[in-house]
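Colleague:
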Amino acid sequence: MTQKFEIKNRWTEEVLFTCDVPDGMESGMIARHALE
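Per the numbering used here, the sequence shown starts with residue 3, numbered consecutively.
1. Considering only residues of the same chain and omitting the five flanking positions on each side of C21, which have a CB-CB separation below 6 Å?
2. Can you tell me where the alpha helix (DSSP H) holding G30 begins and where it ends?
3. So what's T14 in DSSP terms, helix, strand or just coil?
4. Looking at F19: is its Cβ nearer than 8 Å to the Cβ of I9?
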């Protein structure tokens with residue numbers, strides 16, 4: 003199972019990037035996983 007992670011613009015809330023992240027990943031690693 004995976005969860006969807008979205009990187010959004012700070013002011014407009016526009017979604018810039020989406021990534022599927024595996025369940026069970028620590029919260030601090032989610033953004034790093036999405037960017038790599």
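Positions of the beta carbon are idealized from the N, C-alpha and C atoms, including for glycine.
Modeller: On the basis of the coordinates in this document:
1. Translated into positions along the sequence shown, residue 21 becomes position 19. So the list reads F7, A36, once near-sequence residues are dropped.
2. Counted from its first residue, the sequence shown places residue 30 at position 28. From DSSP, the alpha helix (DSSP H) with G30 extends over 29-37.
3. Locating residue 14 in the sequence shown gives position 12, counting from the first residue. Correct three-state label for T14: coil.
4. Translated into positions along the sequence shown, residue 19 becomes position 17. Translated into positions along the sequence shown, residue 9 becomes position 7. Going by C-beta atoms, F19 is nearer than 8 Å to I9.
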